[in-house]
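Colleague: Can you keep this structure in mind? I'll have questions shortly.
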Amino acid sequence: MSAPISFKKILAAAALAAAALALSLPVNVYGDPPPWAPAHGWRKKNDPYYTGYSGKRWNRDYGVVQGSCNREAVGAVVGGVVGGAVGSQVGKGSGRQVAIVLGTVAGAVIGTQIGRDLDNADRACMGHALELAGDNRRVRWSNPDTGTTYLLTPVRGFARVGHPCREFNLRATHSGRSETGKGRACQTGDGTWQLIG
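For the sequence shown, the working numbering assigns the number 1 to the initial residue and increments by one for each residue that follows.
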């Protein structure tokens, strides 16, 4: 005859069986973060736009948000537009928008040949930097045709006659020589910025 099984042994065996069963069941795992606690970058993942200083939405930042302007991509958008007097919808198709500065703004700001050498792609980098870069956030780009490297830093924003405006510093470096200037520009239209006095 076998010894009788005690109640404690039965209870221990039942607890062990329940634990084994609990460990073998699948656990709920969320593939996405819950709506009340989004992960970093979640908003941008679902929002394909960059909201500019003026409140306008832009499809592309051309690297401005990270501190550099992709001059080649911007140049492909603005093409051969003369004088920079264009709006934000330059080119055809979606995602071909870029802000631009009207006229030869850097020539007026710096007042030298370096500033006057700006072409349409340089003015587009300036406009997009004014539109998308935060205060005191530097945006750099280089013009391979002139050998000039530009560094634009928006300093502060203000309003003038109901238009969003920004003060900025601009440094141009060519052949080891740097020149700096300060300027103010206001948005005059949908994606255009104009130098003001």
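Ideal Cβ placement from N, Cα and C applies to all residues, glycine included.
Values in this document were obtained by computation on a predicted structure and should not be read as measured data.
Please indicate yes or no: does the CB of glycine 157 lie closer than 7 angstroms to some heavy atom of the ligand HEM?
Modeller: For the ligand HEM, the structure offers nothing, since it holds no ligand at all.
Colleague: Quickly, what does DSSP pair proline 154 with across the bridge? List them, please.
Modeller: Phe168
Colleague: Among the residues of its own chain, which have a CB less than 6 angstroms from the CB of tyrosine 150, if the five just before and after it don't count?
Modeller: Trp141, Ala172
Colleague: May I ask which residues mark the beginning and end of the beta strand (DSSP E) holding asparagine 143?
Modeller: Counting along the chain, the beta strand (DSSP E) containing asparagine 143 begins and ends at 139–143.
Colleague: Going by C-alpha to C-alpha distance, which of Ser6, Gly147, Arg166, Leu16 sits closest to threonine 192?
Modeller: Arg166
Colleague: Inspect the beta-carbon positions of valine 101 and arginine 71 and report whether they are closer than 8 angstroms.
Modeller: No, the Cβ-Cβ distance between valine 101 and arginine 71 is not below 8 angstroms.
Colleague: For the candidate residues Arg184, Arg137, Gly162, Ser175, whose alpha-carbon lies nearest to that of glycine 63?
Modeller: Arg137
Colleague: Under 8 angstroms between the Cβ atoms of cysteine 69 and alanine 129?
Modeller: yes
Colleague: What's the gap between the Cα of glutamate 179 and the Cα of aspartate 61?
Modeller: 26 angstroms
Colleague: Find out if the Cβ-Cβ distance for the pair leucine 132, glycine 52 is shorter than 8 angstroms.
Modeller: yes
Colleague: Going by C-alpha to C-alpha distance, which of Phe168, Asp145, His174, Val139 sits closest to glutamine 194?
Modeller: Phe168
Colleague: Excluding sequence positions up to five away, which residues of its chain have a Cβ less than 8 angstroms from the Cβ of glycine 147?
Modeller: For glycine 147, where only same-chain residues beyond five positions count, the Cβ hits under 8 angstroms are His174, Ser175.
Colleague: Tell me whether aspartate 117 is buried or exposed, calling it buried when 16 or more other Cβ atoms sit within 10 Å of its Cβ.
Modeller: buried
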